[in-house]
Amino acid sequence: PQSKREGRPFRPPQRNSGRRAHAFTVEVARRRVVSMASEESITACLSIMRRMPPNKIEQNLSGLLNLVPDATDELLQRVDQPLEVATCTETGKAYLMCDYNRDGDSYRSPWSNKYDPPLDDGFLPSEQLRDMEIQANELFDAYRELYFEGGISSVYLWELDTGFAGCFLVKKDIDDTGAIKTGSWNSIHVIEVTELDGGKKASYKLTTTVMLGADISKAECGNTDLSGSLTRQKSRTCDLNVDHPHLANMGELIEDMETEMRSNLNALYIQKTREIVNSIRSLATGPVQDEKFTSSLNQAVTEFGERKTLAGDQ
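What follows is the structure in structure tokens.
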């Protein structure tokens, strides 16, 4: 099925949820949902989400899904939510759940390549793509440890008609680090790959969404919530050979994008917010209304009243 998010590649194909009795594919089910939920209602829901507090995405989205149940599939595809963590039942390793490793009500582990709850006919990548997915998870896990010094990462790959696509995820939560009571970083990198010139080159189209949240509790500034999301896109065409395989090209593109967005978040948004807040605060005392100032003010008011009285008598 085609994801409706701007610039996003196709999602992995999905099969039926165990709750559905009919032998329809998810693509058919999605189209039926779209026919029932008008584009106007979906647009209105997205407009509401943009105006709601970003630190309550799950709560806001759940309320909209209760109001417009027919738009559930569309809204789940279009609205980015903070990543959730699950544990692989076979390996015991943690992995991240998202729309790109979901099939019905089950999620595929990148470590065991199995679904939880178990799904007999769930989508699985080809053998060649699965080998690349294993390497990508190992490399991205090292990248996460170097850049974030903790957290969880997951990588999922799937085939497209013109190539393949992948989703690279990172999540890190922090608790009670002095000024910051709780905080979270969620980055979602979705990349579409198309080989060109008979496999000598490859085109990479990356869409990255970063969701940042920080709950600040400090005696000097009280309680402050700083949260939001940022989405950017970037395309690049690279040589494809032994020295520059897909994983190296994708990794470099993701690293550049994430570094750029992290710098923008810090320099443009956080620092700009600090500058604005500081500009509306004044630590100096206000004007002193001494006896001379009060006397001159009373005299001016009295004179104005006398002039109004004389004008009325005339």
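The opening residue of the sequence shown carries number 2 in our numbering; numbering runs sequentially from there. Just so it is clear, CB atoms sit at the ideal spot from N, CA and C, and this is done for glycine as well.
Residue i, DSSP secondary structure in three states
i    : result
E160 : strand
F25  : At F25 the pLDDT is 43, less than 50, meaning the model places this residue with poor confidence and gives no usable figure here.
M53  : coil
V278 : helix
Y116 : strand
Q234 : strand
S154 : strand
D122 : coil
T260 : helix
A38  : Interpretation of A38 is limited by its pLDDT of 47, a score under 50 that renders its predicted location unreliable; the figure taken from the coordinates is listed afterwards. Three-state result, A38: coil.
Residue j beta carbon less than 8 angstroms from that of residue i
i    : j    : result
L84  : L66  : no
D100 : L77  : yes
L207 : G229 : no
D216 : G252 : no
S188 : V211 : yes
A72  : I49  : no
L248 : L140 : yes
T209 : E259 : yes
Proximal residues to residue i (C-beta, below 7 angstroms), its chain only, five neighbours per side dropped
i    : result
T163 : T195
F165 : L130, L158, W159, V194
T225 : I217
Nearest-angstrom Cβ-Cβ length linking residue i and residue j, presumed shorter than 8 angstroms
i    : j    : result
Y205 : N250 : 6 angstroms
E91  : P111 : At roughly 12 angstroms, the Cβ-Cβ gap does not stay under 8 angstroms, so E91 and P111 are not in contact.
G152 : K173 : 3 angstroms
Residues that DSSP places opposite residue i in a beta bridge
i    : result
A180 : According to DSSP, A180 bridges with nothing at all.
H190 : F169, T209
R145 : Note: R145 sits in no beta bridge, so no partner.
R109 : Y116
R103 : Y108
A203 : E196, C239
M98  : E85
I217 : I181, T225
M174 : A small fix is needed here, since residue 174 is Asp in this sequence, not Met. Bridge partners of D174: S185.
Own chain residues within Cβ distance below 8 angstroms of residue i, not counting five before or after
i    : result
K354 : In the structure as shown, the chain begins at 2 and stops at 315. Residue 354 is therefore absent and cannot be evaluated.
L266 : V211, L213, L231
Other residues of its chain near residue i: CB distance less than 6 angstroms, five sequence neighbours each side excluded
i    : result
T88  : A95
Y116 : S107, R109, G123
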